[in-house]
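Working notes, beginning with the structure itself.
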Amino acid sequence: MLGQLHERFMLNVGNTVEAFRQLADQLHRAPAAPEVLDALSRELHRIRGTAGSYGFLDVGRLADAFDQVVARWVGDLTLDRSRRSAVVRQFARILAAAFDEGSAPAVDERSAPILLVDVPDGEATGLIVEALARGHFVQRLPAVVAQPAIDARPFGAVIAPAHVPLTVPDPSAHILLRDREGALVPHGANGQVVELGTPPTEILQMIEAHVARSSGAGATVLVLDDAGGTLEIMQRVTAREGTHVVSRPWDSDPNVALQELRPVLVVIPWRAREVLAPMGTRGPGGGGSSAWPGRDTVATLRYLRADRRYAELPLLVLGSPLDQETRTALVEAGADDLQPTPVVEVELARRVAHLIEVRRLRLTARSIHPETALTLPERTRRDFDEVLREATERTRVTSLVIMRPLVPPDGPQRATQWQRECAMVARTLTQDAAASGFLDDTALGILLPMNAEEAMARLTPFAKVASEHPVAWAAGVVEQVPGAEAVFPELLHAAEEAWLVARDHGELVRRWDPSDVTVAPDVILVEDDTALAELVMYALSARGLTHRRFQDGPAALAALVRLRCHRRQPILIVDVNLPGLDGFSLFDRLRVERPGRYKVVFMSVRGSEADQLRALRAGALDYLPKPVSLRVLLAKIAVWRSQDAPE
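Each residue of the sequence shown is one higher than the one before, counting from 1381 in the working numbering.
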């Protein structure tokens, strides 16, 4: 699902870049037009709030730095007047390059990120304009947080006042700005010293002359047989990635380990043809140890490749230098890669990383969840659409079930427990179910070819057992009657509403009722930026939180005065700058018409002290700046919900 949202965001990137290009054209004709500068500021606010939330942190910081320049342009209509159009056009080019690569441009002499640390506004404006004109990313940070940022990633250059103590590693350039009053440069400072007021062009030329071109945690790797210290070698080469390496004896059937460990890679040391155990009489998956041939490496590869459960599992043969005939036989038997000995650990680490990525790509291509064998959201929705259309054509009754945990998983262990519960329910209902799979990070969807009462009867025993364990869950059921148009999104929304009422009323399984549509979800988002809204809603779904979204103030107000709020106060996240009715006005209306029914949180790219005080004094719970940190937002939502005792 996150991949889908990312793709949709990327599809809209072209429109964003084109908007800046058009603004550059308008500035060429009218460089001081207030309406053009205002539009430029709005686009920068939007990209700041959205790009950072989607992981393009450099883009968000670049937009933030440029926004400060535009603010000075508004205040001084003569500042950089002749360069405004060119700078905006170059900014658009940088955005296009960053989004095209999926990250900031590579660190080199033409696109090296430049960090400004406590540089005075007057100096910073000129440096940002010059850097943008030359195609560089620019960021501004205060000194208190600059050193961790420098330690975490390479910068093309760091520019800071001489008195700011920073350690800038090679090959980054370090420009020390010396005060004109004659303040001394600290002893031992490493960098080039320039006077404050030096033309930005000269400083950027110094940087470009200096900067040279620079150039699966928690997963398990299974080693079959530890002859020759293979386990120790693999532990060394995977230590940096945090991969867990385990070994199993050569003459033991690997099926048990494969099902228990679900490794991302199997390493098979090279062994010549030698029978270590009697050949079994049954094929893979036939049960019993006799199914395992326990033979040479070629036979082992063929055995594993004959089992469709391991079709995506990469197999690496580790052994002595092999002749071409043997290498060909190993590849034909199913080996994905061969690593001769003696091992060059750097090369082996590269091969291991590549094979793990190969597995991920294979699974992604088939849209299969690696731990449960359930389909991933994109494929699940596609499959459900097809099943519902077929059921409609054949006038068959079908019920859609959505299962969610009562308490969202709060860590890897709980997430694994929930995934296993989903897999168990789905496997048990395999003969009954027409389709099943994940609908998001936590929700399991099941299509059952039966009416809602029968579906509830099938699910209730599972829910009763689960209610006594940490993975307690509830389910919502909605029935698709014969002859009705099969519209999966509407059915899914109804099932979600039924689940919400089931959870809040302590029901195990609930059939959707038309009255459920007026029940307020856990979180209500009022945000006109679709890309940001979809990202936030994805994060909410991943935590098992129900939600609704409105794009403008009037639509939100009309719905909020009607929704039924019970047991908990829904959290209302409101953007300040909304079409039709701004966030503050919406809040004021709700204080009159629905006093105390919602926990209101404001979200805005503008975070002035006056705005924050206005919101908090009026009774808002919090005021969140954009770009939104999803981790912080979800953590705060968890706290707010824990403070809200059910009625």
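Beta carbons are placed, not taken as given, at the ideal position from N, Cα and C, and that holds for glycine.
- Linking VAL1723 to VAL1697 through their CA atoms gives a straight-line distance of about 12 Å.
- The beta carbon of ARG1774 lies closer than 8 Å to none in the same chain, with the five residues before and after it left out.
- For ARG1890, the enclosing beta strand (DSSP E) begins and ends at 1889 to 1891.
- When beta bridges are read from the DSSP output, ILE1427 appears opposite no residue.
- In the three-state reduction of the DSSP assignment, LYS2006 falls in the coil class, being assigned neither a helical nor a strand state.
- Between the beta-carbon of ALA2000 and that of VAL1981 there is about 7 Å, and that keeps the pair under the 8 Å contact cut.
- Annotated as distal: PRO1862 and VAL1781, with beta-carbon spacing of 9 Å or more.
- In this structure, the CA atom of PHE1930 is about 23 Å from the CA atom of ASP1821.
- When C-beta atoms of the region 1933 to 1952 are compared with those of the region 1446 to 1460, fewer than three pairs fall below 8 Å, so the two segments do not count as touching.
- Under the three-state reduction of DSSP output, HIS1927 falls in the strand class.
- Shown here for GLU1834: same chain residues with a beta carbon closer than 8 Å to its own, the five before and five after excluded, namely SER1779, LEU1828 in chain order.
- With fewer than 16 other beta carbons inside 10 angstroms of its own, ASN1395 counts as exposed.
- Cβ atoms of VAL1603 and VAL1647 come within 8 Å of each other, at about 5 Å.
- Contact annotation: ASP1716 and PRO1649 have beta-carbon atoms that are not nearer than 9 Å.
- In the DSSP assignment, LYS1979 forms a beta bridge with ILE1951.
- Rounded to the nearest whole angstrom, the CA to CA distance from ARG1461 to GLY1502 is 16 Å.
- Beta-bridge analysis with DSSP links GLU1914 to no other residue.
- Between LEU1576 and ASP1559 a beta carbon distance of about 6 Å is seen, short of the 8 Å cut, so the two are scored as contacting.
- If you compare the alpha carbons of GLU1387, MET1390, GLU1423, PRO1869 with that of GLN1402, the shortest gap goes to GLU1423.
- Remark: C-beta atoms of VAL1903 and HIS1927 approach each other more closely than 9 Å.
- Cβ-Cβ distances below 6 Å link TYR2003 to PHE1982, GLN1992, ALA1995 in the same chain, with the five nearest sequence neighbours on each side left out; the list follows chain order.
- Going by DSSP, TRP1879 is part of the alpha helix (DSSP H) stretching over 1868 to 1885.
- Nearest in C-alpha terms to LEU1695, of all of ASP1687, ALA1399, GLY1714, ARG1800, is GLY1714.
- Taking 4 residues as the shortest admissible run, the region 1720 to 1785 contains the following complete alpha helix (DSSP H) segments, listed from N- to C-terminal end: 1725 to 1746, 1757 to 1773.
- Per DSSP, ALA1713 is not a residue of any beta strand (DSSP E); the alpha helix (DSSP H) it occupies stretches across 1704 to 1713.
- DSSP places HIS1408 in the helix class (H, G or I) of the three-state scheme.
- Between the alpha carbons of VAL1548 and ALA1878 lies a distance of about 57 Å.
- For VAL1857, the closest C-alpha among the options PRO1411, SER1847, LEU1824 is that of LEU1824.
- Ranked by Cα distance from ALA1513, the options GLU1612, GLN1448, ASP1447, THR1581 are led by THR1581.
- The secondary-structure analysis by DSSP pairs ILE1474 with nothing; it has no beta-bridge partner.
- With fewer than 16 other Cβ atoms inside 10 Å of its own Cβ, GLN1639 counts as exposed.
- Residue burial annotation: ASP1909 is buried, with at least 16 other C-beta atoms found within 10 angstroms of its C-beta.
- In the three-state reduction of the DSSP assignment, ASP1717 falls in the strand class.
- 9 Å or more divides the Cβ of ILE1530 from the Cβ of GLN1448.
- DSSP places PHE1446 inside the alpha helix (DSSP H), whose first and last residues are 1437 to 1455.
- Nearest in C-alpha terms to TYR1690, of all of LEU1645, ARG1969, VAL1439, is LEU1645.
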